[in-house]
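Taking it in order: structure first as structure tokens, then the write-up.
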Amino acid sequence: MKKYFSKKFSKIQVLNTILSSCNESKNTKDKLIIHTATGIYQGTLRDCHQPDDINIKDGDDILTCFEKLYISSLQDYENSDDIKDDIEVSENPITIELEDVDIITSMKSIHVPFVVIFVDQIIGISIGHFE
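Numbering (the working numbering), first residue to last: 4 to 134.
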């Protein structure tokens, strides 16, 4: 399976580390704020890790199930004969996963349990919280 690297993703991880340290020392509730063309996402960055075992187990949350199913289907595709005939579209597949997310748009604000954002959609990042 291909490995990808993104400087933008690395900056988000570093900012999240700083945020975690600040929240521990100051006992605040600041969150990671992601700015996109469609709105502002405020949430907690989920720890990213490649699961060693791609079998879904009792107790796996929805994002873990999503990641395991994605990896499994990608591995199946990469090991199939179909890959030889397909033309790969150049894209950046790197994503970040936020949990406990508030999405603020020009129309309204909504709360969702999680969101997956492709890093190429990110305009800016910050730390803070909206009331």
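Glycine included, each C-beta is placed from N, C-alpha and C at the ideal position.
Shown here for residue 128: same chain residues with a beta carbon closer than 8 Å to its own, the five before and five after excluded, namely 14, 15, 18, 35, 36, 37 and 38 in chain order. Taking residue 106 as reference, the option from 115, 100, 98 and 99 with the minimal CA-CA separation is 115. The residue from 83, 118, 126 and 62 with its alpha-carbon nearest to that of residue 46 is 118.
In this chain, the beta strand (DSSP E) harbouring residue 38 covers 34-39. Per DSSP, the beta bridge partners of residue 48 are 101. Per DSSP, reduced to three states, the secondary structure at residue 69 is helical. For residue 49, the closest of 80, 20, 77 and 131 by C-alpha to C-alpha distance is 20. Excluding the 5 residues flanking it on each side, residue 132 has same chain C-beta neighbours closer than 7 Å at 32, 33, 34 and 45, in chain order.
Where residue 96 is concerned, there is no enclosing beta strand (DSSP E), because DSSP gives it neither an H nor an E. Here DSSP, grouped into helix, strand and coil, assigns residue 83 to coil. Across the structure, residue 58 and residue 23 are spaced so that their CA atoms are roughly 30 Å apart.
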